[in-house]
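A.B. asks:
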Amino acid sequence: MGLGRPLQQAHTVRLERTRVRAPTRTRRRRPAARPAPHEVVFVGLLVVITVIAWLAVHHLATPDMRAGILTGGARPGHAGDGMPAMRMDHSMSAGLFLGTWFVMMAAMMLPAVTPVIVRIDRLLRRRGGARTTVYLLTAGYLAVWAAAGVAAYGLFTLFQSTVAAGDSTAAVRAGAVVLLLAGAYQLTPLKRACLRQCRSPLAVVARHGERITASPSGALLVGVHHGAFCLGCCWALMAVLLAAGMMSLVWMGVIAAVVLVEKVWRYGDLVSRPLGGAMIALGLVLVAAPGLAPALT
16 MGLGRPLQQA
26 HTVRLERTRV
36 RAPTRTRRRR
46 PAARPAPHEV
56 VFVGLLVVIT
66 VIAWLAVHHL
76 ATPDMRAGIL
86 TGGARPGHAG
96 DGMPAMRMDH
106 SMSAGLFLGT
116 WFVMMAAMML
126 PAVTPVIVRI
136 DRLLRRRGGA
146 RTTVYLLTAG
156 YLAVWAAAGV
166 AAYGLFTLFQ
176 STVAAGDSTA
186 AVRAGAVVLL
196 LAGAYQLTPL
206 KRACLRQCRS
216 PLAVVARHGE
226 RITASPSGAL
236 LVGVHHGAFC
246 LGCCWALMAV
256 LLAAGMMSLV
266 WMGVIAAVVL
276 VEKVWRYGDL
286 VSRPLGGAMI
296 ALGLVLVAAP
306 GLAPALT
């Protein structure tokens, strides 16, 4: 009886030591999928196209084309309100504008959509997706942005007519209204819904995987579908770009960076609301004090 308790304690100690020494199971991470040769070629091609597009914008843009109603198609002179007179000396035909717009969209949007297209392609490998799928998806995506250029041209000509009227204050306030509307849209559920669709390659494959692999036209139409969500996500930012300076490399870079962060960073949706608030604040300031617009240049 006297030895029972020490033996029980010793047995308990052995069990505890055994538990401590027991090897712990670790979860093995699956190695990242190696890029397929056609994927490497695709990404390399898009990088080359993007670089060429940026160089083309830099080469084609004149000082007037880099100015907007917010950053001042401003020229020395008087508008009668203490502000420099605004004048945009360039006029663009619809064809020239649409061609320029397409080059700009290639420069700005391809970096943001490439990771999503690549992930979709990797998810479709198990289903026997064709190597041309990535190109068809991208073509459909860019087709949406090319079509959006028609609406952008209408907004651009509206800005031009505002500047041509010679009232600098009215022009800046028109740009401020664009900022207010764009900022408000950044805070809407529709913006968040479109952003979620743009960032989820798994959702694209789950909904449209069979359609993509069934035929080339199916892949092209899914690219259009994805591009429509992207347009719903980014149209307000593009309106701000037109107001700030359509071919300004600085403003193009800023907007492209915002689009990239929103779509690629896993917490990108956290950027949308603060950015929307900042645009609303800036719009209100410019409505009240349009003379501050030159500070944006």
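Note that the working numbering gives residue 161 to position 146 of the sequence shown, counting from 1, and the numbers run on in steps of one. Beta carbons: idealized from backbone N, C-alpha and C, even for Gly.
Cutting at 7 Å between CB atoms, please list the residues of its own chain near residue 135, excluding the five before and the five after it.
C.D. replies: Position 120 of the sequence shown, counting from 1, holds the residue named residue 135. 152, 216, 219 and 220.
A.B. asks: If you draw a straight line from the alpha carbon of residue 68 to that of residue 119, how long is it in whole angstroms?
C.D. replies: The residue labelled residue 68 in the question sits at position 53 within the sequence shown. The residue labelled residue 119 in the question sits at position 104 within the sequence shown. The C-alpha of residue 68 lies about 7 Å from the C-alpha of residue 119.
A.B. asks: Can you round the beta-carbon distance between residue 198 and residue 84 to whole angstroms, since I take them to be within the 8 Å contact cut?
C.D. replies: Taking the first residue of the sequence shown as position 1, residue 198 is located at position 183. Taking the first residue of the sequence shown as position 1, residue 84 is located at position 69. Wrong, their Cβ atoms sit about 17 Å apart, outside the cutoff.
A.B. asks: Assign residue 287 to one of two classes, buried (16 or more other C-beta atoms within 10 Å of its C-beta) or exposed (fewer than that).
C.D. replies: Here the question's residue 287 lines up with position 272 in the sequence shown. Residue 287 should be labelled buried.
A.B. asks: Please decide whether residue 152 counts as near chain D, where near means a Cβ-Cβ distance under 8 Å.
C.D. replies: Absent from the structure is chain D; it holds one protein chain and no more.
A.B. asks: Whole-angstrom Cβ separation of residue 113 and residue 164, contact assumed at under 8 Å?
C.D. replies: Reading the sequence shown from its first residue, position 98 is the one you call residue 113. Reading the sequence shown from its first residue, position 149 is the one you call residue 164. Right, the Cβ-Cβ distance comes to about 5 Å (below 8 Å), so this counts as a contact.
A.B. asks: Identify every run of the beta strand (DSSP E) within the segment 173 to 212, keeping only runs that are complete inside it and at least 3 residues long; order them along the chain.
C.D. replies: none
A.B. asks: Are residue 73 and residue 264 close, meaning C-beta to C-beta below 8 Å?
C.D. replies: Residue 73 sits at position 58 when you count from the first residue of the sequence shown. Residue 264 sits at position 249 when you count from the first residue of the sequence shown. Against a cut-off of 8 Å, the Cβ pair of residue 264 and residue 73 comes out as a contact.
A.B. asks: Where does residue 93 fall in DSSP's three states?
C.D. replies: As a first step, residue 93 is located in the sequence shown; it is residue number 78 there, counting from the start. Legend: pLDDT at residue 93 = 42, less than 50; position of this residue unreliable, value from coordinates given subsequently. Correct three-state label for residue 93: coil.
A.B. asks: Which first and last residues belong to the alpha helix (DSSP H) in which residue 261 is found?
C.D. replies: Within the sequence shown, numbered from 1, the residue matching residue 261 stands at position 246. Here residue 261 belongs to no alpha helix (DSSP H), and DSSP marks it neither H nor E.
A.B. asks: For residue 119, name the three-state secondary structure that DSSP assigns.
C.D. replies: To locate residue 119, count along the sequence shown from 1; it is residue 104. If DSSP states are grouped into helix, strand and coil, residue 119 belongs with the helices.
A.B. asks: Taking 8 Å as the cut-off, does the segment 200 to 207 touch the segment 236 to 244 (at least 3 CB pairs, one atom from each stretch)?
C.D. replies: Counting C-beta pairs closer than 8 Å gives fewer than three between the segment 236 to 244 and the segment 200 to 207, which falls short of the contact rule.
A.B. asks: Would you check if the segment 168 to 176 and the segment 281 to 295 touch, i.e. whether three or more CB-CB distances between them fall below 8 Å?
C.D. replies: Under the three-pair Cβ rule at 8 Å, the segment 281 to 295 does not count as touching the segment 168 to 176.
A.B. asks: Could you round the C-beta distance between residue 214 and residue 278 to whole angstroms and report it? I think they count as a contact, below 8 Å.
C.D. replies: Translated into the one-based positions of the sequence shown, residue 214 becomes position 199. Translated into the one-based positions of the sequence shown, residue 278 becomes position 263. With a Cβ gap of about 6 Å, residue 214 and residue 278 count as contacting.
A.B. asks: Buried or exposed: residue 169, going by 16 or more other Cβ atoms within 10 Å of its Cβ?
C.D. replies: For the purposes of this step, residue 169 is identified with residue 154 of the sequence shown, where counting begins at 1. Flag for residue 169 reads exposed.
A.B. asks: DSSP three-state call for residue 216: helix, strand or coil?
C.D. replies: To locate residue 216, count along the sequence shown from 1; it is residue 201. Three-state result, residue 216: helix.
A.B. asks: Can you look up residue 78 in the DSSP assignment and give me helix, strand or coil?
C.D. replies: The residue labelled residue 78 in the question sits at position 63 within the sequence shown. Three-state DSSP puts residue 78 in coil, outside helix and strand.
A.B. asks: Would you call residue 160 buried or exposed, if buried means 16 or more other Cβ atoms sit within 10 Å of its Cβ?
C.D. replies: In the sequence shown, residue 160 corresponds to position 145, counting from 1. Buried, by the Cβ-count rule.
A.B. asks: Helix, strand or coil: how does DSSP classify residue 281 here?
C.D. replies: Position 266 of the sequence shown holds residue 281. Residue state for residue 281 is assigned as coil, using DSSP reduced to three classes.
A.B. asks: Give me the Cα-Cα distance between residue 131 and residue 244, rounded to the nearest whole angstrom.
C.D. replies: Here residue 131 is taken as the residue at index 116 of the sequence shown, counted from 1. Here residue 244 is taken as the residue at index 229 of the sequence shown, counted from 1. C-alpha separation (whole angstroms): 13 Å.
A.B. asks: Beta carbon of residue 78, beta carbon of residue 184: below 8 Å?
C.D. replies: Stepping through the sequence shown from its first residue, residue 78 is reached at position 63. Stepping through the sequence shown from its first residue, residue 184 is reached at position 169. No, the Cβ-Cβ distance between residue 78 and residue 184 is not below 8 Å.
A.B. asks: Tell me which same chain residues have a C-beta within less than 7 Å of the C-beta of residue 125, skipping the five on either side of it?
C.D. replies: For the purposes of this step, residue 125 is identified with residue 110 of the sequence shown, where counting begins at 1. Around residue 125: 61, 64 and 65.
A.B. asks: Within 10 Å of its beta-carbon, does residue 298 have 16 or more other beta-carbons around it, so buried, or fewer, so exposed?
C.D. replies: Within the sequence shown, residue 298 is the residue found at index 283, counting from 1. Flag for residue 298 reads buried.
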